[in-house]
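Residue numbers are given in full-length UniProt numbering: position 191 of the sequence shown equals residue 191, and the series is strictly consecutive. Every residue gets a Cβ at the ideal spot worked out from N, C-alpha and C, and that includes glycine. First up is the structure itself, then whatever we jot down about it.
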Amino acid sequence: AALEAPKVLNLNNSEYFSGPYGEDVVFVCNDWHTALLPCYLKTMYQPHGIYKNAKVVFCIHNIAYQGRFAFSDFSLLNLPGSFKSSFDFTDGYDKPVKGRKINWMKAGILESNRVLTVSPYYAQELLSGIERGVELESYLRMTSITGIVNGMDTNEWNPVTDKYIAVNYDAATVMDAKPLNKEALQAEVGLPIDRDIPVLVFIGRLEEQKGSDILAAAIPEIMDENVQVIILGTGKKKLERQLESLEEMFPDKFRAVMKFNAPLAHQMMAGGDIIVIPSRFEPCGLVQFQGMKYGTAPVCSSTGGLVDTVKEGKTGFHMGPFGVECYAVDKADVEKIITTVKRALKVIGTRKFEEIIQNCMAEELSWKGPAKKWEQLLLSLGVSGSEPGIDGEEIAPLAKENVATP
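Rendered as structure tokens:
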């Protein structure tokens with residue numbers, strides 16, 4: 001479908017687009033699920049004079065998910081034997097089958113014209129070795145990889161206009177509005193109302209990548225401080241039960257809301273003082289952007305896009321890197337959370353913390369900058385007809401309005 005769409009996709013009612021995309025296309029493939037596209041492009045289209053000048057960019061959002069299958073499954077892909085070497089892969093794991101496999105992401109990396117990922121530091125991590133490159137680091141060194149940080153939706157996440165929060169605010173009014181939003185948040189989750197107590201929040205999946213198990217192990221010692229902690233997320237039942245036990249142990253200081261609740265997520269960003277992001281690995285991350293937009297300082301592990309976007313002592317606090325092993329909680333990582341949280345708590349209420357809040361809210365977090373970098377990279381591929389976009393114009397909504405039936 002992706003290879004057929006550009007031949008018929010019609011955007012001819014907009015001043016920015018005219019007619020189908022046609023032959024001169026740059027295909028952007030996202031993660032292993034799309035890795036067959038460059039292979040089919042080379043075997044089913046270009047030999048017949050279709051998409052002769054087309055290029056493919058392969059973007060890795062999370063290298064941990066690669067699409068590893070039994071080697072015998074190659075016969076199901078409708079590809080010539082010449083592509084076997086691009087898919088051929090042997091690892092030390094017995095799942096899904098023992099020994100020789102095919103690896104879709106490996107093929108996507110090798111068969112595309114450029115490889116991207118979602119932050120510069122994550123790109124460095126992927127090249128650093130087997131632990132963070134997850135056995136594909138050698139192929140990425142062959143092709144090279146470019147990291148471009150993501151942006152965030154600054155319309156949905158905007159404290160000035162947010163319909164879910166008690167008091168809207170901007171950088172000039174944040175210090176007056178934060179305590180009021182904190183009180184509303186405390187009332188919402190059933191914690192004692194106290195505008196002066198620091199509130200730490202965590203929003204994310206309850207799974208090992210996000211480090212929620214490490215955070216849970218650190219909570220009892222964090223509870224020794226004058227602090228409230230609110231966690232929002234769903235995930236593994238074992239972690240949910242652990243959080244339920246913590247809520248029973250600390251009924252006046254800890255809440256875990258284990259369901260999807262978009263309004264509460266916004267209220268936590270507005271009412272929290274600190275957002276804790278204890279990820280074992282984080283290709284880019286999004287919650288740190290949302291926290292900064294709302295003046296809620298990140299306390300984060302030093303990995304991936306968190307390194308690129310959170311600056312120690314300026315827009316947040318770094319805990320250092322965590323081990324990527326997900327089968328057990330490393331006591332050293334637990335201690336990193338405890339130490340850094342306590343360090344951040346000492347700053348809350350000071351002039352320094354006000355500066356951090358202002359720095360966070362002054363950050364440019366929209367897609368405008370990243371989109372420009374993407375545009376420059378795509379233009380560098382030299383596909384005929386490619387031209388820069390109109391700076392400052394929001395093209396996507398215009399495109400959505402003007403998609404005609406092929």
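**Study point:** Residue nearest to Val85 in terms of C-alpha spacing, selected from Ala107, Leu77, Gly92
**Key:** First, the residue type needs correcting, since residue 85 is Ser and not Val in the sequence shown. Closest by alpha carbon: Ala107.
Check your understanding: Anyone know if the C-beta pair for Thr234 and Lys259 falls short of 8 angstroms?
Key -> yes
**Study point:** Candidates Ile63, Glu111, Glu325, of which the one nearest Ala123 by Cα
**Key:** Ile63
Exercise for review: Pull up the DSSP beta-bridge partners for Ile201, would you.
Suggested key: Residue identity differs from the one stated: residue 201 is Val in this sequence, not Ile. Its beta-bridge partners are Ile230, Ile275.
Review point. Which two residues bound the contiguous alpha helix (DSSP H) that contains Asp88?
Key: Note, Asp88: premise wrong, no alpha helix (DSSP H); beta strand (DSSP E) at 88–90.
Review point. Apart from the five residues just before and just after Glu188, which ones in its own chain have a Cβ nearer than 8 angstroms to its Cβ?
Key: Leu264, Gln267
Exercise for review: List the residues that DSSP assigns as beta-bridge partners of Gly235.
Suggested key: Leu206
Point to revise | CA nearest to the CA of Ile337, picked from Asp213, Asp252, Pro192, Leu191 | key: Asp213
Practice item. With DSSP as the reference, label Cys59 as helix, strand or coil. Key: strand
Point to revise | Reference Gln186, options Leu127, Val201, Ser144, Thr303, closest by Cα | key: Val201
Check your understanding: Mapping DSSP to helix, strand and coil, what is Gly349?
Key -> coil
Check your understanding: Are there 16 or more other CB atoms within 10 angstroms of the CB of Arg255, so buried, or fewer, so exposed?
Key -> buried
Point to revise | Residue interval of the alpha helix (DSSP H) (run including Cys39) | key: 36–40
**Study point:** Secondary structure of Ile145, DSSP reduced to three states
**Key:** coil
Practice item. Please name the residue in Thr143, Leu215, Arg100, Val149 whose C-alpha comes closest to that of Glu111. Key: Thr143
**Study point:** Sequence-distant residues of the same chain with beta carbon closer than 8 angstroms to His33, five excluded per side
**Key:** Gly67, Trp104
Practice item. State the Cα-Cα distance for the pair Gly133 and Phe281, rounded to the nearest angstrom. Key: 11 angstroms
Point to revise | Among Asp88, Phe87, Arg205, nearest to Gln279 - alpha-carbon criterion | key: The displayed chain sequence assigns Ser, not Gln, to residue 279. Nearest of Asp88, Phe87, Arg205 to Ser279, Cα basis: Arg205.
Review point. Sorted by chain position, which residues of the same chain lie with C-beta nearer than 7 angstroms to Glu135's C-beta, five sequence neighbours on each side aside?
Key: Asp91
Review point. If we ignore side chains and look at the alpha-carbon of each, how far apart do Asp333 and Lys178 end up?
Key: 30 angstroms
Review point. Under a Cβ-count criterion, where at least 16 other Cβ atoms within 10 Å of its own Cβ denotes burial, should Lys182 be classed as buried or exposed?
Key: buried
Check your understanding: Beta carbon of residue 412, beta carbon of Val287: below 8 angstroms?
Key -> Residue 412 is absent from the model: the chain starts at 1 and stops at 406.
Point to revise | Sufficient close CB pairs (3 or more, under 8 angstroms) joining the stretch 238–255 to the stretch 304–313 | key: no
Exercise for review: Compare the beta carbon distance of Cys284 and Ser119 with 8 angstroms and say whether it is the shorter of the two.
Suggested key: yes
Review point. By how many angstroms is the C-alpha of Ile109 removed from the C-alpha of Pro38?
Key: 10 angstroms
**Study point:** When Val257, Asn261, Ala262, Gly295 are compared against Ile275, the one with the closest alpha-carbon
**Key:** Gly295
Point to revise | Candidates Ala270, Leu3, Phe317, of which the one nearest Thr339 by Cα | key: Phe317
Check your understanding: Going by C-alpha distance, which of Asn150, Pro6, Tyr21, Ala70 is nearest Cys59?
Key -> Asn150
Exercise for review: Would you kindly work out how many angstroms separate the C-alpha atoms of Leu77 and Thr154, rounded to a whole number?
Suggested key: 41 angstroms
Practice item. Starting from Leu215, follow its DSSP beta bridges and name the residues at the other end. Key: Partner(s): none; Leu215 has no beta bridge.
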